[in-house]
Amino acid sequence: IEADLGRWQRFQRSVVANNFQDNIHAIRALAGSSEYKDHTEFEGSQLLSFVPGLALDDVWSEPLDVLKIHINGGEHLVLKGARRIFDLGVKAVVVSCKNHTEMFRVVHFLLRYDYDMQISGEAVNA
């Protein structure tokens, strides 16, 4: 899921160039949780409000090998919108957080699923 049109278009070209059309489906939307579809969790975003907001649970219904999140704020909201996917199984999660507050929220979410976590190479324990 990518909200920025330019990035989404580049990603689409890369998918085609690498012949991944059968394995990767890119959606132009804001990733968050379905309870916040009015975009209030994206206050301060430079994205236009007409870009739809979707939860990952709205578009994916199978276990994942890897979930990578890098959105520069609101990472915990993406995780909240993927609860069903986590219940199905996500083998590895890679998250780049905007700040320490966001990192705390992400760690708090992931600890519920018993992940082994590292922050800047240091192990995080419950």
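Going by my numbering, the sequence shown opens with residue 490, and the numbers climb by one from there. Where a beta carbon is used, it is the ideal one built from N, C-alpha and C, also for glycine.
What does residue i pair with, by DSSP beta-bridge criteria?
i	result
K557	V583
R517	E491
E611	I608
Which class does residue i belong to by DSSP, given the choice of helix, strand or coil?
i	result
L498	The sequence shown places Gln at residue 498, not Leu. Helix at Q498.
A544	strand
E591	helix
E530	Here E530 scores only 46 on pLDDT, less than 50, and its place in the model is too uncertain to base an answer on.
S550	coil
V504	helix
How far does the alpha helix (DSSP H) with residue i in it extend, from its first residue to its last?
i	result
P574	A small correction: the amino acid at residue 574 is Ile; Pro does not occupy that position in the sequence shown. Run containing I574: R572 to L577, per the alpha helix (DSSP H) assignment.
E564	E564 to K569
Going by beta-carbon coordinates alone, are residue i and residue j separated by less than 8 Å?
i	j	result
V582	L600	no
Could you name the residues of the same chain whose beta carbon sits closer than 8 Å to that of residue i, not counting the 5 residues immediately before and after it, in chain order?
i	result
D546	S523, G570, A571, R572, R573 and I574
Once you ignore the five residues that flank residue i on each side, which residues in its own chain have a CB closer than 6 Å to its CB?
i	result
V584	I558, E564 and V595
Please return the same chain residues whose Cβ sits closer than 7 Å to the Cβ of residue i, not counting the five positions on each side in sequence.
i	result
W497	E491, A515 and R517
In the DSSP assignment, the beta strand (DSSP E) including residue i goes from what residue to what residue?
i	result
Q607	M606 to I608
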